[in-house]
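Chains as they are written, first to last, in UniProt numbering: chain A, 1 to 346; chain B, 1 to 341.
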């Protein structure tokens, strides 16, 4: 059985691994190939700081909340393992700040030690009158994606550097299943007006004295359009840009100024931080994640496609839950193929 | 007295902060710091510098709490300013875990640190050998940066620093009006204080930048304190041991104990081993004394014996020492005006 995974960001690689881990022993003939035009460190995932944190509101999307929880629990379970450092996985505590009281988030019981901020803590953040403290996880893709790649290569999965222009291109070659993890560019394979870029820009600095993440929220501006500071294992990421519909992957001087000034106002000590890199990327934004099967028919061939894209600014946060859901869809495809005998190839 | 000349002996966190307080509360004073060692070779440089108080059996709790509060407030303001990184002061959150529930679930300092609360069941799952824990956010003074920053501030205030081994406080009587004794463990020999004893601490300073939270076993023997560039792993509490040489068996013991609290430390790199002698005492010696020989008097203010709690209370004791210096000056001015009659 041949499976093509298109996309090698956090979604593509984790879905590939999840499916291979679950089904390879059941289907010894399972051959998996990954196709992508961009690999780490050039994927959208690589630009993310890597903090596990869903959006403030799940908009009633319980499914996504469950996938977030599955991801957190899965990662938490790996914390004590020797692989944690190689995966780029570690615990981190920090602050979410608001200018007015807000309801608790859907994820308050998923993270560790969630609580409201005390008045003394709020003194640290003039202009903010309400907030949360909790301990969550960091999963740095510049480590995680190579780790996933290594696990996949060890399993014999093959990688191809190629821009796939159509489903036919990969499925016409005897592929039984195509996993579509193409992120923000999914519309090029199949038009999807719901999928829009959520452009972000970040500044990476050296500020090793920062030990907490700080995410501010401005209900009016919307998610990620308010400054945030996220310390990684080597660099600290400063951000706070979310531009819906903007496809420009070039760094903007105006955005740089916005990020820098806002973050330095939030944390005066950052003024002394050394800037190391600037990066822009396009969050694959969608009202909800597209995670479903589709049978693509084109002329005389057909392929089973599993779509897994549209994770916006919470791809890392939700990735494993989605990978498992995609693996379940794969399982049902497998079931159907085993039930009906294979068609002879002409 | 025109410009009282004050010698502060000792350049660890106590000496430098005391000198700074004196210079700030007594602008007319001429303050000098004398020490045989400066950063990075002081006992303070070995310490992690985390603000978690040590309890002194001989000092009233309200006094210790006052000292801690003054220190915390002072450092909190710096951590929130543009100078934070230069001063080496940063906030850090984490957990203090206990294998057995402590008698006192609320330490006296619980309302001084930030967000103090018992750990949740979910948080305790990370520590299978421990049954109870406390989560809070506190401050850390990274050394050498903090000591170097204090030295910089001292120089800016006009305080000079001199490398000098003082063998006897009396030797300073001709050059200085008042001597402030911040010699830490050195006071054992310098002033013959038998109540002062070393508690040897060995620590590892490792490169593990993914460790962002502190973890401390309530027994005080095992701890993980992430600093700016290195994580301090500890430790030992060996009473009456004067050895400054690292012990390899101890190194392995510390590393193993810390790894069982935080398994990811197995991947820590570039392990450096350091030893410091905590200048321990039932209570901090914070008092005036007048040395006299042949009719000549030398007022002394002692400020030493902070043991495991130096960083946690340093500003509080520095302020008190500066106040005592003020008393010495007043006494000197009183006697000199009497002499004029």
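Yeah, the Cβ is synthetic: ideal placement off N, Cα and C, and Gly gets one too. Small disclaimer: the values here were computed from a predicted structure and weren't measured.
Check: Leaving out the 5 sequence neighbours to the left and right, which residues in its chain are closer than 7 Å to residue 19 of chain B when beta-carbon positions are compared?
Finding: Result list for residue 19 of chain B: 8, 31, 33, 154, 159, in chain order.
Notebook entry, point to check: Between the stretch 128–159 of chain A and chain B, which residues of the former have a C-beta closer than 9 Å to a C-beta of the latter?
Noted result: Here the close residues are 133, 135, 138, 140.
Next item on the list: Spell out the partners DSSP gives residue 254 of chain A in its beta bridges.
Entry: None; residue 254 of chain A has no bridge partner.
Checklist line | Element boundaries [beta strand (DSSP E), containing residue 146 of chain A] | finding: Bounds of any beta strand (DSSP E) do not take in residue 146 of chain A; it lies within the alpha helix (DSSP H) bounded by 141–154.
Check: chain A partners of residue 115 of chain B, CB-CB under 8 Å?
Finding: Those are 115, 117, 118, 121, 133, listed as they occur along chain A.
Checklist line | Closer than 7 Å at the beta carbon, the chain A residues around residue 67 of chain B | finding: None at all; the shortest Cβ gap to chain A is about 18 Å.
Next item on the list: Would you mind working out which of A:117, A:49, A:17, A:31 sits nearest residue 316 of chain A, comparing C-alpha positions?
Entry: Answer by Cα proximity: A:49.
Check: So is residue 10 of chain A in contact with chain B if we call contact Cβ pairs under 8 Å?
Finding: Not closer than 8 Å to any Cβ of chain B, the Cβ of residue 10 of chain A fails to qualify, so no.
Margin query: Does residue 120 of chain A come out as helix, strand or coil in the three-state DSSP assignment?
Written below: Collapsing the DSSP output to three states places residue 120 of chain A in a helix.
Next item on the list: Can you grab the Cα-Cα spacing for the pair residue 77 of chain A / residue 8 of chain A, in whole Å?
Entry: Between residue 77 of chain A and residue 8 of chain A, the alpha-carbon positions lie close to 24 Å from each other.
Notebook entry, point to check: Closer than 8 Å, Cβ to any Cβ of chain A: which residues of the stretch 209–220 of chain B, in chain order?
Noted result: Flagged, chain order: 209, 210, 211, 212, 213.
Check: Quick one: which chain B residues come within Cβ less than 8 Å of residue 226 of chain A?
Finding: Taking a Cβ-Cβ threshold of 8 Å, none of the residues of chain B is close to residue 226 of chain A; the smallest such distance is about 20 Å.
Next item on the list: Let me know if residue 11 of chain B comes out buried or exposed under the rule of 16 or more other beta-carbons within 10 Å of its beta-carbon.
Entry: Result: buried.
Next item on the list: Pair every Cβ in the stretch 50–67 of chain A with every Cβ in the stretch 21–41 of chain A, then say whether three or more of these pairs are closer than 8 Å.
Entry: The stretch 50–67 of chain A vs the stretch 21–41 of chain A: no contact.
Note to self: Rounding to the nearest angstrom, what Cα-Cα distance links residue 27 of chain B and residue 274 of chain B in this structure?
What the structure shows: Rounded to the nearest angstrom, the gap between the Cα atoms of residue 27 of chain B and residue 274 of chain B is 38 Å.
Next item on the list: Can you give me, in chain order, the residues of the stretch 249–275 of chain A that have a beta carbon less than 7 Å from any beta carbon in chain B?
Entry: The residues in question are 268, 269, 271, 272.
Note to self: Three or more C-beta pairs under 8 Å: does that hold for the stretch 327–337 of chain A against the stretch 282–301 of chain B?
What the structure shows: By the Cβ criterion, the stretch 327–337 of chain A is not in contact with the stretch 282–301 of chain B, since fewer than three pairs of Cβ atoms, one from each stretch, lie closer than 8 Å.
Check: Among residues of its own chain, excluding the 5 on either side of residue 352 of chain A, which ones have a beta-carbon nearer than 6 Å to its beta-carbon?
Finding: No answer is possible for residue 352 of chain A: it lies beyond the span of chain A, which begins at 1 and ends at 346.
Margin query: Can you give me the C-alpha to C-alpha distance between residue 35 of chain A and residue 258 of chain B, rounded to a whole angstrom?
Written below: Linking residue 35 of chain A to residue 258 of chain B through their CA atoms gives a straight-line distance of about 43 Å.
Notebook entry, point to check: Between which two residues does the beta strand (DSSP E) carrying residue 80 of chain B extend?
Noted result: Note, residue 80 of chain B: premise wrong, no beta strand (DSSP E); not H, not E.
Margin query: Which residue marks the beginning of the alpha helix (DSSP H) containing residue 339 of chain A, and which one marks its end?
Written below: Per DSSP, residue 339 of chain A is one residue of the alpha helix (DSSP H) stretching across 315–339.
Checklist line | N- and C-terminal bounds of the beta strand (DSSP E) containing residue 14 of chain B | finding: No beta strand (DSSP E) contains residue 14 of chain B, which is instead part of the alpha helix (DSSP H) from 13–25.
Notebook entry, point to check: chain B partners of residue 234 of chain A, CB-CB under 7 Å?
Noted result: In chain order: 209.
Notebook entry, point to check: Nearest-angstrom Cα distance between residue 165 of chain A and residue 189 of chain A?
Noted result: Those two C-alpha atoms are separated by around 6 Å.
Check: Which value, in whole angstroms, describes the spacing of the CA atoms of residue 3 of chain B and residue 279 of chain B?
Finding: It is roughly 32 Å from the alpha-carbon of residue 3 of chain B to the alpha-carbon of residue 279 of chain B.
Next item on the list: Under 9 Å between beta-carbons, which chain A residues line up against residue 240 of chain B? List them in chain order, please.
Entry: Chain order gives no chain A residues near residue 240 of chain B, where near means a beta carbon separation below 9 Å; the closest approach is about 36 Å.
Check: Is residue 244 of chain B closer than 8 Å to residue 204 of chain B when the C-beta atoms are compared?
Finding: No.
Notebook entry, point to check: Are the C-beta atoms of residue 91 of chain B and some chain A residue less than 8 Å apart?
Noted result: Interface annotation, residue 91 of chain B: in contact with chain A, CB-CB separation under 8 Å.
Note to self: So with CB distances below 9 Å, who are the chain A contacts of residue 70 of chain B?
What the structure shows: Within 9 Å Cβ-Cβ: nothing; residue 70 of chain B doesn't reach chain A, min ~15 Å.
Next item on the list: Output the distance between the C-alpha atoms of residue 97 of chain A and residue 212 of chain A, rounded to the nearest integer angstrom.
Entry: Roughly 13 Å separates the two Cα atoms.
Check: Comparing the C-beta of residue 266 of chain B with each C-beta of chain D, is any distance below 8 Å?
Finding: Among the chains of the structure shown, chain D does not appear; the protein chains present are A and B.
Notebook entry, point to check: Is the shortest distance between the beta-carbon of residue 66 of chain A and the beta-carbons of chain B less than 8 Å?
Noted result: At a cut-off of 8 Å between beta carbons, residue 66 of chain A makes no contact with chain B.
Check: Taking C-alpha atoms, which residue in B:61, B:209, B:199 lies nearest to residue 268 of chain B?
Finding: Considering only alpha carbons, the answer is B:209.
Notebook entry, point to check: According to the neighbour-count rule (16 or more other Cβ atoms, all chains shown, within 10 Å of its Cβ), is residue 265 of chain B buried or exposed?
Noted result: Buried, by the Cβ-count rule.
Next item on the list: Below 6 Å CB to CB, which residues in the same chain sit around residue 224 of chain A once its five sequence neighbours on both sides are set aside?
Entry: Around residue 224 of chain A: 242, 313.
Checklist line | Where residue 127 of chain B sits in the DSSP three-state scheme | finding: The answer is coil: DSSP assigns residue 127 of chain B none of H, G, I, E or B.
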